[in-house]
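Chains as they are written, first to last, in the numbering used here: chain B, 1 to 214; chain X, 215 to 627.
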């Protein structure tokens, strides 16, 4: 029989240190990538808001034509992309992360700016864009329903080229959101305001939404 | 962070510490100098091949062992036909010679066949060899040299899969290759607790002193290795000694094999539960507890994934129904979709950890290539392994645990 103590206690300590270090480095790397993405959305928000302002000022001060479809489509696409990034950042950094909340507030402002611009284009250029204001909530009791409605809206967006969807978190601490809620009498989520006329609460399928679009 | 995420991160953390420990142990062992038998000191050995209905492979097995570069006057081969009902005995008889003897006995299981051979052998060292296993010419000589150390009671080879063809064989091919590094590391820690039944070497005096194989034990090879550890001796590993076995190619035979192994592992660890603890050095303090913890996490995660998949499928079906099964609207893959998917993928810490583990596994494969030569088919086999092994491993363990809980009996053959 042979005695068998552990070969080296030091090795255990080293393994613990190396393992912990790798664990922290990988977490740090993941967090850094999310932070880079956060910076990217910040820059993109500034660019989009700048573009909307520029286009609107062009029209109001210099009476330039705003009916350039190309510019509008680009802004709309950027806006939608920003929404996706913020959605992902919520998943990565948390729905209550202060930086994400700040970006969401800014996003809300740009959305409203864009919404107003869309209405202007509809009037001036007969653009014929349909709008849906989507009031959702990240509160636990409403989260599943809100996410399901969000998925339905994704499908609606892909089926209808002429639709622009604006999403608003009803729990965001923002005066503008509060005013919007009062204006459209939003009390619960998920609620949709279609073409500023029809209110739909918790749609179950695409028909519940599409029947109000035509 | 949800409960399941915490569990996953704990398992990843333990995995990282374990990998670090194993690599450090391997590096430390590489500096050690071992004493080996010189060619002139090679002892007389016996190879015992128990066979039950192995007419398809027995000839090739015998041929592979007779081609060994071990001095012909220093080994004998005993084929023990364990009451086969096919042509195994007749085929084996064709090879009978001065140094290859064929015995026939009533069917009693592999352990009884091995014990039958041990009673009749002349060798100072014994190789147990399955009748569907093939060895490299140099393997026996390479393995026997480790017995120069009198505390070494067993030596294990580098187990590999013979010509993997089916998907499941390809998955096992990578699994076996990865096992080479761990087996060597466990040997460095004197913590090998599995001696492959397919081909392993033993010191005859161990059988004389502590008895032969445990007849009735469904994993008699495992029982033997844990018994060696329990009694405080060494099990070495020779990663250069390539030995090939035919792996199950279909799902059911593979499940039956794994169920037998895992069920046997739990039973035998319970039988020798004293090996857990500080008295048994790195084996009892780290290697065995970490192995059991890994199994626990694998079972936990597979059950969780199974339940989650059911719920996901249900909610996807409900969603598809709500959009009138309009697939073209759902599958709209564009630049933004791909960009977002990549972002979510590469910022997920679990994905980064998996990528890291893949790099480590690459290192294990490289180790295997250095020891037994490059393996063909890895370009196909590696992705299959990464896709399927974790699920299969968890599934095999879940089935084995269920069998254990309900105490269903499992037989060797």
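All residues carry an ideal CB built from backbone N, CA and C; glycine is no exception.
Note that the structure is predicted; figures quoted are calculated from it, not measured.
Test: residue i CB closer than 8 Å to a CB of chain X
{"i": "residue 88 of chain B", "result": "yes"}
{"i": "residue 84 of chain B", "result": "yes"}
{"i": "residue 6 of chain B", "result": "yes"}
{"i": "residue 140 of chain B", "result": "no"}
{"i": "residue 92 of chain B", "result": "yes"}
Three-state secondary structure assigned by DSSP to residue i
{"i": "residue 257 of chain X", "result": "coil"}
{"i": "residue 192 of chain B", "result": "strand"}
{"i": "residue 213 of chain B", "result": "coil"}
{"i": "residue 250 of chain X", "result": "coil"}
{"i": "residue 527 of chain X", "result": "helix"}
{"i": "residue 185 of chain B", "result": "coil"}
{"i": "residue 71 of chain B", "result": "helix"}
{"i": "residue 431 of chain X", "result": "coil"}
{"i": "residue 537 of chain X", "result": "coil"}
{"i": "residue 503 of chain X", "result": "helix"}
{"i": "residue 139 of chain B", "result": "coil"}
{"i": "residue 285 of chain X", "result": "coil"}
{"i": "residue 488 of chain X", "result": "helix"}
{"i": "residue 378 of chain X", "result": "coil"}
{"i": "residue 572 of chain X", "result": "helix"}
{"i": "residue 129 of chain B", "result": "coil"}
{"i": "residue 19 of chain B", "result": "helix"}
{"i": "residue 311 of chain X", "result": "coil"}
{"i": "residue 271 of chain X", "result": "coil"}
{"i": "residue 589 of chain X", "result": "coil"}
Counterpart residues of residue i in DSSP-defined beta bridges
{"i": "residue 641 of chain X", "result": "Any property of residue 641 of chain X remains undetermined from this structure, which presents chain X solely from 215 to 627."}
{"i": "residue 167 of chain B", "result": "B/134"}
{"i": "residue 347 of chain X", "result": "X/459"}
{"i": "residue 628 of chain X", "result": "Residue 628 of chain X lies beyond the range of chain X shown here (215 to 627); nothing can be said about it."}
{"i": "residue 156 of chain B", "result": "Partner(s): none; residue 156 of chain B has no beta bridge."}
{"i": "residue 264 of chain X", "result": "X/294"}
{"i": "residue 366 of chain X", "result": "X/448"}
{"i": "residue 342 of chain X", "result": "X/262, X/414"}
Run of the beta strand (DSSP E) containing residue i, from where it starts to where it stops
{"i": "residue 415 of chain X", "result": "413-417"}
{"i": "residue 201 of chain B", "result": "198-201"}
{"i": "residue 289 of chain X", "result": "289-296"}
Any chain B beta carbon closer than 8 Å to residue i
{"i": "residue 238 of chain X", "result": "yes"}
{"i": "residue 496 of chain X", "result": "yes"}
{"i": "residue 627 of chain X", "result": "Because residue 627 of chain X carries a pLDDT of 49, less than 50, the predicted location of this residue cannot be relied on, and the following value inherits that uncertainty. No - not a single Cβ of chain B is within 8 Å of the one on residue 627 of chain X."}
{"i": "residue 468 of chain X", "result": "no"}
{"i": "residue 511 of chain X", "result": "no"}
{"i": "residue 538 of chain X", "result": "yes"}
{"i": "residue 429 of chain X", "result": "no"}
{"i": "residue 360 of chain X", "result": "no"}
{"i": "residue 216 of chain X", "result": "no"}
{"i": "residue 231 of chain X", "result": "yes"}
{"i": "residue 451 of chain X", "result": "no"}
{"i": "residue 420 of chain X", "result": "no"}
{"i": "residue 403 of chain X", "result": "yes"}
{"i": "residue 499 of chain X", "result": "yes"}
{"i": "residue 297 of chain X", "result": "no"}
{"i": "residue 234 of chain X", "result": "yes"}
{"i": "residue 397 of chain X", "result": "no"}
{"i": "residue 554 of chain X", "result": "yes"}
Terminal residues of the alpha helix (DSSP H) in which residue i lies
{"i": "residue 125 of chain B", "result": "98-125"}
{"i": "residue 387 of chain X", "result": "381-402"}
{"i": "residue 243 of chain X", "result": "217-244"}
{"i": "residue 174 of chain B", "result": "Element bounds for residue 174 of chain B: n/a, residue is neither H nor E."}
{"i": "residue 482 of chain X", "result": "465-485"}
{"i": "residue 7 of chain B", "result": "Element bounds for residue 7 of chain B: n/a, residue is neither H nor E."}
{"i": "residue 595 of chain X", "result": "592-619"}
{"i": "residue 408 of chain X", "result": "Looking at the DSSP string, residue 408 of chain X is not in any alpha helix (DSSP H), and its letter there is neither H nor E."}
{"i": "residue 330 of chain X", "result": "324-334"}
{"i": "residue 425 of chain X", "result": "No alpha helix (DSSP H) holds residue 425 of chain X; DSSP gives it neither H nor E."}
{"i": "residue 307 of chain X", "result": "302-307"}
Residues from the stretch 179-193 of chain B in contact with chain X, defined by Cβ distance under 9 Å | Of all residues in the stretch 179-193 of chain B, none has a C-beta nearer than 9 Å to a C-beta of chain X.
For the stretch 9-41 of chain B, enumerate the residues whose C-beta is nearer than 7 Å to any C-beta of chain X, in chain order.
-> Near chain X, meaning a CB-to-CB distance below 7 Å, the residues of the stretch 9-41 of chain B are 11, 12, 14, 15, 16, 18, 19, 22, 23, 26, 27, 29, 30, 33, 34, 37.
Residues of the stretch 149-162 of chain B with a CB closer than 7 Å to any CB of chain X: list them in chain order, please.
-> From the stretch 149-162 of chain B, only 151, 152, 155, 158, 159 have a Cβ closer than 7 Å to chain X.
Taking a Cβ distance cut-off of 7 Å, strictly less, list which residues of the stretch 200-211 of chain B are near chain X, in chain order.
-> Per Cβ criterion, the list reads 204, 205, 206.
When Cβ atoms are compared, which residues of the stretch 101-134 of chain B fall closer than 7 Å to chain X?
-> If the cut-off is 7 Å between Cβ atoms, the stretch 101-134 of chain B has nothing near chain X.
Residues of the stretch 559-588 of chain X with Cβ closer than 8 Å to any Cβ of chain B, in chain order = Within the stretch 559-588 of chain X, the qualifying residues are 560, 561, 562, 563, 566, 567, 570.
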